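For reference, the structure is listed below as structure tokens.
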Amino acid sequence: MKLLIVGLTGGIGAGKSAVARMFGELGAATVDADQLAREVERETLPWIVGQFGARVLDPRGNLDRRALGQIVFAHAEARKLLEAITHPAIVAAAQRRFEELQRQGHALVVYEATLLVETGRDREMDRLVVVVAQDALRIQRMMQRSAMTLEQAAARMAAQLPQQRKAELADYVIDNSGTLEETRLQVSDVWCELQAIAHTTTKDGVQEKR
Numbered sequence: 017m018k019l020l021i022v023g024l025t026g027g028i029g030a031g032k033s034a035v036a037r038m039f040g041e042l043g044a045a046t047v048d049a050d051q052l053a054r055e056v057e058r059e060t061l062p063w064i065v066g067q068f069g070a071r072v073l074d075p076r077g078n079l080d081r082r083a084l085g086q087i088v089f090a091h092a093e094a095r096k097l098l099e100a101i102t103h104p105a106i107v108a109a110a111q112r113r114f115e116e117l118q119r120q121g122h123a124l125v126v127y128e129a130t131l132l133v134e135t136g137r138d139r140e141m142d143r144l145v146v147v148v149a150q151d152a153l154r155i156q157r158m159m160q161r162s163a164m165t166l167e168q169a170a171a172r173m174a175a176q177l178p179q180q181r182k183a184e185l186a187d188y189v190i191d192n193s194g195t196l197e198e199t200r201l202q203v204s205d206v207w208c209e210l211q212a213i214a215h216t217t218t219k220d221g222v223q224e225k226r
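In the working numbering, the protein residues as written are 17 to 226.
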């Protein structure tokens with residue numbers, strides 16, 4: 017049986033990580049692109065420092081993610097440079113993880129990644145779930161979670177593709193503007209559909225897109 021790869025994405029502050037945890041609680045195998053980025057950091061760090069200098073390192077010589085974020089979210093070209101460095105390593109690590117999960121007998125995996133649509137990798141997913149939330153709520157969450165100013169939060173949001181553009185490409189849209197229970201009910205409904213799809217294959221073992 018072919019592994020059903022479900023992409024999970026959303027704009028900053030929308031709550032895709034919370035949704036990923038809910039899928040995990042329901043029994044989904046999940047892979048987090050941010051975690052993969054940390055795992056391949058040793059491989060990519062020399063290239064990152066070569067492009068952005070020692071200012072992106074902390075006193076211990078490790079990557080200072082906050083310092084790097086301030087640079088790349090302020091300059092589109094810097095963001096593209098970073099993506100060119102990190103994404104090939106993340107993609108390779110994700111593929112290894114998918115293959116491992118398939119060997120373990122999993123029917124589907126939820127792959128959480130911020131830039132699935134921006135990098136065009138959404139087209140590689142068997143299904144796409146996009147998490148959205150009201151813009152004012154997203155800004156509030158960013159300010160509370162990361163101690164950002166209003167201006168910084170708005171700039172981070174503006175640097176990403178508008179969430180509506182992502183939602184238009186989605187097979188499933190989860191609105192995380194309400195209570196956790198309301199979101200959990202949406203996740204449960206999507207999970208039931210995904211499980212049905214993952215266990216229904218065509219004669220050549222490939223799940224057909226809706």
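All C-beta atoms in this analysis are idealised placements derived from N, C-alpha and C, irrespective of residue type, glycine included.
Bear in mind that the values here come from a model prediction, so they are computed numbers and not experimental data.
DSSP-derived helix/strand/coil call for residue i
i	result
E134	coil
V126	strand
A45	strand
V146	strand
R40	As written in the sequence, residue 40 is Gly, which differs from the Arg given in the question. Helix, per DSSP.
L98	helix
Separation of residue j from residue i, as counted between CA atoms
i	j	result
I21	S204	17 Å
H215	Q150	34 Å
R226	Q51	Residue placement at R226 cannot be trusted, given a pLDDT of 45 that sits under 50; what the coordinates show is reported in the next sentence. Roughly 30 Å separates the two Cα atoms.
G27	A123	27 Å
G194	Q202	11 Å
A83	A70	10 Å
A94	Q176	14 Å
Spatially closest choice to residue i from the options, by CA coordinates
i	options	result
I155	V133, A174, Q202	A174
G77	P62, A183, E140	P62
L210	R82, D142, S193	D142
D191	A169, V147, L166, A183	V147
Beta carbon of residue i nearer than 9 Å to that of residue j
i	j	result
Y127	L24	yes
T199	A36	no
Bridge-paired residues (DSSP) for residue i
i	result
G69	Answer is none; G69 lacks a bridge partner.
L79	L73
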